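J.:
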Amino acid sequence: MDPEAVRRSLEPTASAEEIMGSNPVGLSFYDPFVISGASIESAEHGRLLCSFVVAPRHASPAGYLRSGVTASLADQLGSAVFFCSGLHTSGVSLEISVSFVDVATVGEEIEVEGKLLRAGKSVGVVSVDFRKKKTGKLMAQARHTKYLAVSSRL
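For what it's worth, UniProt numbering labels the leading residue of the sequence shown as 1, then goes sequentially.
1) Which whole runs of the alpha helix (DSSP H) in the UniProt domain "Thioesterase" (67-137) are 4 residues long or more, in chain order?
2) Rounded to a whole number of angstroms, what is the C-alpha to C-alpha distance between ARG131 and VAL150?
3) Which same chain residues end up closer than 8 Å to VAL101 when comparing Cβ atoms and leaving out the 5 residues on each side of it in sequence?
4) Per DSSP, HIS144 is paired with what?
5) Beta-carbon within less than 8 Å of LEU103's beta-carbon, same chain only, minus the 5 sequence neighbours each way: which residues are those?
6) Using a Cβ-Cβ cutoff of less than 7 Å, which residues in the same chain neighbour ARG143 once the five nearest sequence positions on both sides are dropped?
7) If we count the other Cβ atoms within 10 Å of its Cβ and call it buried at 16 or more, is ALA62 buried or exposed?
8) Would you report the Cα separation of GLY37 and SER122, rounded to the nearest angstrom?
9) Just checking, does the region 110-117 make contact with the region 75-89 on the three C-beta pairs under 8 Å criterion?
10) Candidates GLY86, GLN76 and GLY136: which alpha carbon is nearest GLY46's?
11) For THR89 versus LEU148, is the C-beta distance shorter than 8 Å?
12) Leaving out five residues before and five after THR145 in sequence, what residues of the same chain have Cβ atoms less than 6 Å from its Cβ?
13) Using DSSP's beta-bridge definition, name the partner residues of GLU44.
14) Determine the contact status of VAL53 and GLU109, defining contact as a CB-CB distance below 8 Å.
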């Protein structure tokens, strides 16, 4: 898949509120709920850069970005990096780890950069950095390891 196709697939056409209203239970609920509002700034071979503003739906009652949203974005965008690299599979997650070094609050703009570290015959690794767009300060760093399953020829 080329980087431009990845960009189109990640930028939803409906708002999270529209999706939630039309399908509140299905599996498709979670992905748009998290990624709605993300803007893809750059999609190139082995690298994906996007930004989003922390919305109230992403935040805890105290107003901080929830760690689960960060992990979900690391999963979704990390998988998209594999497609940006020309692989025809996003694989199956073996491990996702996230190190949190700062918090983000509602209204803050976050920049997320995913980079392919390695894509072997069966395992691939992506790093995903979350930075505050205004200051460039690292907020969280994720590593996503995937088994790159080969599609069946049956």
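Beta carbons are placed, not taken as given, at the ideal position from N, Cα and C, and that holds for glycine.
Keep in mind that this is a model prediction, so the values were computed, not measured.
T.: On the basis of the supplied data:
1) 67-84
2) 34 Å
3) LEU138, MET139, ALA140 and GLN141
4) ILE96 and VAL126
5) Reading off the sequence, residue 103 comes out as Val, not Leu. Same-chain partners within the cutoff: TYR64, LEU65 and MET139.
6) SER97, VAL125 and SER127
7) exposed
8) 33 Å
9) yes
10) GLY86
11) yes
12) LEU94, GLU95 and VAL125
13) ARG47
14) yes
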